[in-house]
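Please read the structure below before turning to the comments.
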Amino acid sequence: MTAVKIGIIIGSTRPGRVGDQVAKWVLEQASARTDAEFELVDLADFALPHLDEAIPPSLGQYAQAHTKAWAEKVDSFDGYIFVTPEYNHSTSGALKNALDFVYGEWNNKAAGLVSYGAAGGTRAAEHLRLILGELQVADVRQQVSFSLMTDFEAYTKFTPAPYHAGMLATQLDQLVPWTLALRDVRSTALAQAA
Numbered sequence: 319m320t321a322v323k324i325g326i327i328i329g330s331t332r333p334g335r336v337g338d339q340v341a342k343w344v345l346e347q348a349s350a351r352t353d354a355e356f357e358l359v360d361l362a363d364f365a366l367p368h369l370d371e372a373i374p375p376s377l378g379q380y381a382q383a384h385t386k387a388w389a390e391k392v393d394s395f396d397g398y399i400f401v402t403p404e405y406n407h408s409t410s411g412a413l414k415n416a417l418d419f420v421y422g423e424w425n426n427k428a429a430g431l432v433s434y435g436a437a438g439g440t441r442a443a444e445h446l447r448l449i450l451g452e453l454q455v456a457d458v459r460q461q462v463s464f465s466l467m468t469d470f471e472a473y474t475k476f477t478p479a480p481y482h483a484g485m486l487a488t489q490l491d492q493l494v495p496w497t498l499a500l501r502d503v504r505s506t507a508l509a510q511a512a
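Residue numbering for the sequence shown follows our numbering, starting at 319 and increasing by one per position.
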């Protein structure tokens, strides 16, 4: 059986964002593992407009080329790590929009949450957990949170405290087995639908 494939999704497209630094750190830490493959996914690379599909995503009838490309990328993973900023006590509009574009491609997969913001992004992560539940994505308990005031120099250069590596390791120890277990759930669901 091949290793599970986990996408590390950069949840901000904002100019001057710091989320790409956080996501690259996550990838660097995760790449030391041998039980999963990890890939960075930058929402900015997909340039998704505000949701422009006429048919609800739950029907899987995508009309737009950008939606089909995004669906293919989402579908290529067994699980995810969402790196989310906190904007106004929630996740970014760009990440919410990307989540809303497709549906079945998210189903029966697992996710870990890495957040950052003035209060560590914890409120964004809590909102994201509600959204993921509707998409049938099982989020693991361990969260990694970074404060703009203590984990960044001058709010712009990512300088995480060493203990965060242990928190991420715990998250990955939870995420990889859940991702593997849900692969079987996904296979069963697809077989029943056929």
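All residues carry an ideal CB built from backbone N, CA and C; glycine is no exception.
Please state whether the Cβ-Cβ distance between residue i and residue j is less than 8 Å.
i, j, result
"Val462", "Trp424", "no"
"Ser433", "Thr468", "no"
"Ala429", "Leu450", "yes"
"Ala348", "Phe356", "yes"
"Asn426", "Gln454", "yes"
"Val322", "Leu508", "no"
Quick check on this structure: which residue in the options has the alpha carbon closest to the alpha carbon of residue i?
i, options, result
"Arg447", "Leu417, Ile373 and Ala472", "Leu417"
"Pro374", "Gly334, Phe419 and Arg504", "Phe419"
"Thr352", "Val494, Ala507 and Glu452", "Val494"
"Gln339", "Phe464, Ala437, Tyr380 and Ala354", "Phe464"
"Phe476", "Val401, Thr320 and Val336", "Val336"
"Gln379", "Pro480, Tyr421, Leu453 and Ala511", "Tyr421"
"Glu390", "Asp502, Phe364 and Ala348", "Phe364"
"Asn406", "Phe400, Leu431 and Gly435", "Gly435"
"Val359", "Trp388, Arg501, Ala383 and Lys414", "Trp388"
"Gly439", "Ser410, Ala511 and Ser376", "Ser410"
"Glu452", "Ala372, Thr497, Ile399 and Ser376", "Ser376"
"Leu431", "Ala507, Thr385 and Tyr398", "Tyr398"
"Ile326", "Asp370, Lys386, Ser394 and Ala372", "Ser394"
Our contact map puts residue i next to residue j with C-beta atoms below 8 Å; I'd like the distance itself, whole angstroms only.
i, j, result
"Ala442", "Glu404", "4 Å"
"Asp396", "Ile328", "Not a contact, Cβ separation roughly 19 Å."
"Ala412", "Thr320", "Not quite, the Cβ-Cβ distance comes to about 31 Å (not below 8 Å), so this is no contact."
"His445", "Ser408", "5 Å"
"Asn415", "Leu366", "6 Å"
Examine chain D for any beta-carbon lying closer than 8 Å to the beta-carbon of residue i, and answer yes or no.
i, result
"Glu371", "The structure shown contains no chain D; it holds only a single protein chain."
Is the beta carbon of residue i within less than 7 Å of some heavy atom of the ligand ADP?
i, result
"Ala443", "The ligand ADP is not part of this structure, which contains no ligands at all."
**Q.** Start-end ranges of the alpha helix (DSSP H) lying completely within the segment 412-492, minimum 4 residues
**A.** As far as the segment 412-492 is concerned, its whole alpha helix (DSSP H) runs of at least 4 residues are 440-452.
Does the count of Cβ pairs from the segment 488-496 and the segment 446-458 closer than 8 Å reach three?
A contact exists between the segment 488-496 and the segment 446-458.
Review point. Below 8 Å, can you find three or more Cβ-Cβ pairs linking the segment 474-486 to the segment 338-345?
Key: Contact between the segment 474-486 and the segment 338-345 is present, because at least three Cβ pairs lie under 8 Å.
Query - Runs of beta strand (DSSP E) wholly within the segment 331-382 (minimum 3 residues, chain order) - result: Correct list: 354-360.
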